[in-house]
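Residue numbers (our numbering): 21 to 84.
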């Protein structure tokens, strides 16, 4: 539902796919952090990583 509020002209199906893709990315970062494997990919700050992921995803979504 939240993706539909963003200023972009996408179908409901595209919005649902985008929401799932973003959720999957955030879930992946959190899972790597909780299992102690996030540092293996060179990341040491979970919050900054999630904020960067979400901000860039939303900016890309709005401009597409």
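For each residue, glycine too, the CB sits at the ideal point set by N, CA and C.
Checklist entry - From this set, 84, 73, 80, which residue's C-alpha is nearest residue 44's C-alpha? => result Considering only alpha carbons, the answer is 73.
Item to check | C-alpha distance - residue 32 paired with residue 42, whole-angstrom precision | outcome: Taking the straight line from one Cα to the other gives about 15 Å.
Next on the checklist: Using only the alpha-carbon positions, how far apart do residue 64 and residue 76 sit?
Outcome noted: Taking the straight line joining both Cα atoms gives about 19 Å.
Checklist entry - By how many angstroms is the C-alpha of residue 56 removed from the C-alpha of residue 49? => result Note on geometry: alpha-carbon atoms of residue 49 and residue 56 lie some 11 Å from one another.
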